[in-house]
Every structure is written in structure tokens, then in C-alpha cells.
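**Q** Residue numbers for the sequence shown follow this note's numbering, so the first one is 142 and each next one is one higher.
Where a beta carbon is used, it is the ideal one built from N, C-alpha and C, also for glycine.
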Amino acid sequence: MLFYTRSFQMTGRERILAAFQGEPADFVPFAPNIYQWFYTHYSNGTLPEEVADATHPFDVLRYLGADILARWDTQWATQTVYTEGEYSETYTGYSHWDKPLVTAFNIYPPHKTERHRKFVTPYGTLTQVWSYTPEAAADFEAKYWWTDWSEYEAVRFMMEATNYVLDADKFHYWVEQVGNDGLVMLNLTESPLKRLHWLAGPQNATMFIMDHPAEMQALAEIHQRKVLSFLEQVVDNPDVDVFISTDNLDAMFYPPYFYKTYCHDFFAKAAEIIHSRGKYLVVHACGRSKALLPLVGRSKIDCLEGVTPPPMGDVELPVVRQMVGYPNFTVNGGIDVVHQEITENAESQIHDYTRALFEAMGDKRHFIFASSCNTSPLTPWENLVYFRDAARQYGRMG
142 MLFYTRSFQM
152 TGRERILAAF
162 QGEPADFVPF
172 APNIYQWFYT
182 HYSNGTLPEE
192 VADATHPFDV
202 LRYLGADILA
212 RWDTQWATQT
222 VYTEGEYSET
232 YTGYSHWDKP
242 LVTAFNIYPP
252 HKTERHRKFV
262 TPYGTLTQVW
272 SYTPEAAADF
282 EAKYWWTDWS
292 EYEAVRFMME
302 ATNYVLDADK
312 FHYWVEQVGN
322 DGLVMLNLTE
332 SPLKRLHWLA
342 GPQNATMFIM
352 DHPAEMQALA
362 EIHQRKVLSF
372 LEQVVDNPDV
382 DVFISTDNLD
392 AMFYPPYFYK
402 TYCHDFFAKA
412 AEIIHSRGKY
422 LVVHACGRSK
432 ALLPLVGRSK
442 IDCLEGVTPP
452 PMGDVELPVV
462 RQMVGYPNFT
472 VNGGIDVVHQ
482 EITENAESQI
492 HDYTRALFEA
502 MGDKRHFIFA
512 SSCNTSPLTP
522 WENLVYFRDA
532 ARQYGRMG
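(1) In whole angstroms, what is the alpha-carbon distance linking residue 517 and residue 249?
(2) Taking C-beta to C-beta, are residue 478 and residue 434 nearer than 8 Å?
(3) Give me the DSSP bridge partner(s) of residue 444.
(4) Spell out the partners DSSP gives residue 512 in its beta bridges.
(5) If we call anything under 8 Å between Cβ atoms a contact, is residue 197 one with residue 230?
(6) May I ask which residues mark the beginning and end of the beta strand (DSSP E) holding residue 223?
(7) Going straight from the alpha carbon of residue 386 to that of residue 320, what length do you get?
(8) Which of helix, strand or coil does DSSP assign to residue 166?
(9) Whose CA, out of 425, 431, 304, 421, lies closest to the CA of residue 374?
(10) How should residue 292 be labelled, buried or exposed, when 16 other C-beta atoms within 10 angstroms of its C-beta is the threshold for buried?
(11) Excluding the five sequence neighbours on either side, which residues of its own chain have a C-beta within less than 6 Å of the C-beta of residue 181, listed in chain order?
(12) Report the rounded CA-to-CA distance for residue 175 versus residue 202, giving the unit in angstroms.
(13) Please name the residue in 448, 286, 270, 412 whose C-alpha comes closest to that of residue 262.
(14) Report the residue ranges of all beta strand (DSSP E) runs contained in full by the segment 302-364; include only those spanning at least 3 residues, in chain order.
(15) Using only CA atoms, which one of 416, 366, 275, 514 lies nearest to residue 426?
(16) Quick one: is residue 393 buried, meaning 16 or more other Cβ sit within 10 Å of its Cβ, or exposed?
(17) Excluding the 5 residues flanking residue 308 on each side, which residues of the same chain have their C-beta closer than 7 Å to its C-beta?
(18) Could you tell me which residues DSSP puts in a beta bridge with residue 284?
(19) Helix, strand or coil for residue 607, going by three-state DSSP, please let me know.
(20) Residues in the same chain with beta-carbon distance under 6 Å from residue 404, minus the five sequence neighbours each way, listed in chain order, please.
(21) Which of helix, strand or coil does DSSP assign to residue 405?
(22) Looking at the structure shown, is residue 192 part of a helix, part of a strand, or coil, going by DSSP?
(23) Hey, residue 163 and residue 507 are a contact pair by Cβ (cut 8 Å); roughly how many whole angstroms apart?
(24) Secondary structure at residue 230, three-state DSSP: helix, strand or coil?
(25) Does DSSP put residue 262 in a helix, a strand or coil?
(26) So, using beta-carbon positions, are residue 170 and residue 525 closer together than 8 Å?
(27) Measure the C-alpha to C-alpha separation of residue 355 and residue 361 and round it to an integer number of angstroms.
(28) Can you tell me whether residue 465 is buried or exposed? The criterion is at least 16 other CB atoms within 10 Å of its CB, across all chains shown.
(29) Does DSSP put residue 385 in a helix, in a strand, or in coil?
(30) Taking only three categories from DSSP, how would you classify residue 429?
(31) The beta strand (DSSP E) with residue 211 in it runs from where to where?
(32) Rounded to a whole number of angstroms, what is the C-alpha to C-alpha distance between residue 471 and residue 412?
Shown next, in the form of C-alpha cells:
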């Protein structure tokens with residue numbers, strides 16, 4: 142496999158760190174998240190000829206000469222340990238894929254499409270099911286852990302029994318795989334609100350919060366205590382420069398009132414710990430984030446991963462830093478699905494879009510040109526090349 146050979150003054154690692162630091166670089170970092178696109182084509186044997194022998198997203202990113210800012214692999218280095226109760230899991234379903242099926246949330250063994258999890262407590266048994274949907278090339282929670290308020294004590298028991306630990310060797314492995322081509326992020330799990338969403342689903346979690354605020358706040362405090370304790374244990378790891386909370390700060394699911402009550406304190410305290418070591422906090426946030434931007438600034442979050450412009454999102458990237466109001470904030474996004482999937486006059490449209498965006502971003506510091514969430518499996522290979530070419534043509538800084 143050949144790789145993009147344009148000469149650079151900086152490595153991908155240096156370029157991304159310069160963006161977080163607000164320092165000028167040779168080019169704006171070009172850091173698409175191609176994991177979903179890659180694994181869909183890899184599993185189906187439909188990778189383009191140019192990268193047909195690729196076995197990992199890093200192979201494709203290096204072919205493109207992209208800067209790597211990744212979290213899918215390193216999320217598995219943050220591991221859940223249960224101190225009480227009884228946890229088990231099984232895999233079922235059927236697919237024709239003879240390789241492990243990798244998604245943003247799970248790794249399914251060959252030929253399997255469902256993950257069944259069970260946790261036995263003194264207050265009853267909780268179960269959860271993940272199911273992979275080929276049509277969406279993604280998996281979803283088919284059954285949430287928590288489906289009825291009567292399960293509250295069992296849920297609380299599970300949360301109290303949950304601790305997080307870092308497999309430092311696994312994380313270091315991925316640091317070495319990336320090398321100087323970029324950075325990998327350490328997974329901090331998620332905010333208390335997102336944890337409640339994972340447990341009960343956004344709809345039930347919202348209803349439970351409205352009907353039982355004190356009890357839900359108690360669960361939020363348990364999760365926050367556990368994650369901040371984990372952070373204190375890992376924050377000085379020399380392999381780690383960037384931490385990520387894998388939320389989705391979409392105001393549809395994170396209305397400002399909920400953010401203030403269930404997210405701000407967590408993010409602010411995490412940011413304080415991380416900043417004291419000169420490191421950075423990223424939170425995933427594709428979708429409609431405009432109403433949350435001032436709150437993000439007050440929490441001193443350093444970057445939202447995947448800021449999405451209209452029509453899928455509700456804020457234009459050039460005004461994001463002003464709305465956040467936090468001088469160290471870095472904008473990450475811009476490679477949105479609308480432009481990813483263009484099929485007519487794609488090269489000229491992608492170049493026109495990228496040129497206009499980069500011009501509107503001003504001096505282009507504190508900016509990472511990245512996927513607005515992910516790269517759609519429907520994205521033509523040529524469009525990734527066009528984005529690469531446009532990013533390097535219009536993103537020169539030095």
C-alpha cells in the first residue's frame with residue numbers, strides 16, 4: 142500500500158497538539174473519523190482498490206496522509222470492574238462476516254450480531270441487549286438495563302459496585318501504533334447524564350429525572366465519584382495527552398437545565414484535574430449543540446468532537462469559539478455527512494465548501510478539520526481524497 146508523500150514541517154502529533162494549544166501549525170489538522178466507514182467496507186469486502194489490503198483504519202488514514210486523532214481502539218483500555226454482584230455476557234445472532242464486527246460501542250465475534258449482558262444483584266437481575274443493524278452499519282441498545290422504576294435499587298447496587306481501571310499496556314500499545322502520526326484519547330466513560338441514558342434510555346431517564354429528582358441525583362453522584370476517582374489514578378500517565386468523555390452533547394437530549402444539573406459539575410471538576418497537568422478534555426458532541434455552547438465554556442471543556450453545521454446541526458463552525466467564550470476552546474468538525482455523500486460534481490463542491498469554511502475560520506488556530514461525528518459508510522472513496530486535497534490546499538498556516 143502506498144502512502145501520501147507530501148512533505149510536512151510537522152508530524153501529525155505536533156499538528157494536533159498545536160491546535161489544542163492555539164499555536165500556529167504548518168497546516169490545519171485533517172483528522173477524519175473513518176472507523177464506521179472502514180469497518181463497514183472491511184467486513185463486506187468492499188474496500189476501494191487503493192486500500193484493499195488495509196486491516197485497520199490507521200492504514201487508510203496513513204494512505205490519505207491524515208492526522209490521527211482516535212478513540213475507538215483505546216476505549217477498551219478503560220475497563221469496568223464489578224466489586225459485587227454477578228456479571229455475565231453472551232453473543233448470539235448470525236451474520237456472514239467471518240471477522241470480528243467492530244462498532245463504536247462493541248466488538249462482536251465472527252458471525253455474531255447481538256450482545257446480551259446480565260447483572261445479578263440482591264434486588265433482582267438486570268439485563269441489556271445490543272443489536273447490530275446491517276442497514277445502518279451500526280448497533281443500538283435493543284433493551285436497556287433499566288426499564289421500570291421498580292428496578293431502582295438494583296440499578297443503584299450495580300452503580301455502587303462499578304469501578305473503572307486502566308489497562309495501561311493496552312493503551313500504550315495503541316500509542317505506539319499511532320506513533321508520531323497523531324494522538325489517541327483516553328476514555329473517561331461519560332457524564333452522569335449520559336450514564337443515565339445508557340441505563341434507562343433517554344426517554345425513561347428523562348421521565349425518571351422529572352418524577353424522582355433526588356434519587357436520580359444520587360445515581361449521578363455515584364457515577365461522578367467513580368469516574369473522577371479513576372481520573373485521579375490515570376491523569377499522570379505519560380502516554381496520555383487528551384481525555385475524552387463519550388457523551389453526545391445534543392440539546393435534544395441534553396437540554397440546558399439537565400446539563401447544568403447532571404453535567405457541569407462533572408466536566409468542570411474533570412477539566413480542573415486535567416488542566417492542572419497541562420492536558421486536554423474532549424467531549425463528543427455531534428447534533429444540535431448551539432444552546433449548550435456557553436455552558437460548555439463555563440465547564441472549561443477544551444474541545445467538542447464532531448461539531449455539526451446545518452442542516453444536520455444548528456451552528457456554523459466559525460462562530461462556535463465566540464459562543465463558547467472559553468479562550469482555550471478548539472473547534473473539531475466540518476466534514477459533515479451532507480458533503481461526504483455528494484455524488485455530483487463532488488470534487489468542485491468539496492473544494493468550494495472547504496475553501497469557504499477555512500476562510501471563515503480566520504487564522505485557523507484552535508481548529509481541527511474532522512468528521513462531524515463519523516464518516517458515513519455511503520461516502521465515496523474519492524470524496525475522502527477530495528477532502529484531503531482540499532484540506533492541504535486551503536489549510537496551510539505556516
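**A** Here's the rundown:
(1) What you label residue 517 is simply residue 376 of the sequence shown in a count that begins at 1. What you label residue 249 is simply residue 108 of the sequence shown in a count that begins at 1. Taking the Cα positions, residue 517 is about 20 Å away from residue 249.
(2) For the purposes of this step, residue 478 is taken as residue 337 along the sequence shown, with counting starting at 1. For the purposes of this step, residue 434 is taken as residue 293 along the sequence shown, with counting starting at 1. Note that the C-beta distance between residue 478 and residue 434 is not below 8 Å.
(3) Walking along the sequence shown from the start, residue 444 turns up at place 303. Residue 444 is bridged to 423, 471.
(4) Sequence index remark: in the sequence shown, residue 512 carries index 371 (1-based). According to DSSP, residue 512 bridges with 476.
(5) On the sequence shown, position 56 is the one that residue 197 refers to. On the sequence shown, position 89 is the one that residue 230 refers to. No, the pair does not count as a contact, with Cβ atoms beyond the cut-off.
(6) Taking the first residue of the sequence shown as position 1, residue 223 is located at position 82. Per DSSP, the continuous beta strand (DSSP E) segment holding residue 223 begins and ends at 219-223.
(7) The residue given as residue 386 occupies position 245 in the sequence shown. The residue given as residue 320 occupies position 179 in the sequence shown. Straight-line measurement puts the Cα of residue 320 at about 23 Å from the Cα of residue 386.
(8) For the purposes of this step, residue 166 is identified with residue 25 of the sequence shown, where counting begins at 1. If DSSP states are grouped into helix, strand and coil, residue 166 belongs with coil.
(9) Sequence index remark: in the sequence shown, residue 374 carries index 233 (1-based). Nearest of 425, 431, 304, 421 to residue 374, Cα basis: 304.
(10) Translated into positions along the sequence shown, residue 292 becomes position 151. With 16 or more Cβ atoms within 10 Å of its Cβ, residue 292 is classed as buried.
(11) Start at 1 with the first residue of the sequence shown, and residue 181 comes out as number 40. Sequence-distant partners of residue 181 (beyond 5 residues in either direction) whose C-beta falls short of 6 Å from its own C-beta, in its chain, are 278, 518.
(12) Your numbering for residue 175 matches position 34 in the sequence shown. Your numbering for residue 202 matches position 61 in the sequence shown. Near 8 Å, if we compare the C-alpha coordinates of residue 202 and residue 175.
(13) Along the sequence shown, one-based indexing puts residue 262 at 121. Nearest neighbour of residue 262 by Cα position, chosen from 448, 286, 270, 412, turns out to be 286.
(14) Note on the segment 302-364: whole beta strand (DSSP E) runs with a minimum of 3 residues are 303-307, 323-328, in chain order.
(15) Your numbering for residue 426 matches position 285 in the sequence shown. Of 416, 366, 275, 514, the residue nearest in Cα terms is 514.
(16) One-based indexing of the sequence shown puts residue 393 at position 252. The Cβ neighbour count for residue 393, taken over all protein chains shown within 10 Å, is under 16; the residue is labelled exposed.
(17) The sequence position of residue 308 within the sequence shown is 167, counting from 1. Result list for residue 308: 218, 220, in chain order.
(18) Residue mapping note: residue 284 aligns to position 143 of the sequence shown, counting from 1. Here residue 284 is bridged, per DSSP, to 270.
(19) The displayed coordinates of the chain run from 142 to 539. Any statement about residue 607 would go beyond what the structure contains.
(20) Locating residue 404 in the sequence shown gives position 263, counting from the first residue. Excluding the 5 residues flanking it on each side, residue 404 has same chain C-beta neighbours closer than 6 Å at 332, 334, in chain order.
(21) As a working mapping, residue 405 is identified with position 264 in the sequence shown. The answer is helix: DSSP assigns residue 405 an H, G or I state.
(22) If you number the sequence shown from 1, residue 192 lands on position 51. Helix.
(23) By one-based count along the sequence shown, residue 163 stands at place 22. By one-based count along the sequence shown, residue 507 stands at place 366. Rounded to whole angstroms, the Cβ separation of residue 163 and residue 507 is 5 Å, and the two are in contact under 8 Å.
(24) Reading the sequence shown from its first residue, position 89 is the one you call residue 230. When DSSP states are grouped into helix, strand and coil, residue 230 belongs to the strand group.
(25) As a working mapping, residue 262 is identified with position 121 in the sequence shown. Residue state, collapsed to three classes: strand.
(26) Taking the first residue of the sequence shown as position 1, residue 170 is located at position 29. Taking the first residue of the sequence shown as position 1, residue 525 is located at position 384. Their beta carbons are not under 8 Å apart, which means residue 170 does not touch residue 525 by this criterion.
(27) In the sequence shown, counting from the first residue as 1, residue 355 sits at position 214. In the sequence shown, counting from the first residue as 1, residue 361 sits at position 220. The alpha-carbon atoms of residue 355 and residue 361 are separated by roughly 10 Å.
(28) Indexing the sequence shown from 1 puts residue 465 at position 324. Residue 465 should be labelled buried.
(29) Counted from its first residue, the sequence shown places residue 385 at position 244. DSSP places residue 385 within a strand segment (E or B) once states are collapsed to three.
(30) Reading the sequence shown from its first residue, position 288 is the one you call residue 429. Here residue 429 sits in coil by DSSP.
(31) In the sequence shown, the residue the question calls residue 211 occupies position 70. Segment 209-211, the beta strand (DSSP E) holding residue 211.
(32) Start at 1 with the first residue of the sequence shown, and residue 471 comes out as number 330. Start at 1 with the first residue of the sequence shown, and residue 412 comes out as number 271. Answer to the nearest angstrom: the Cα atoms are 14 Å apart.
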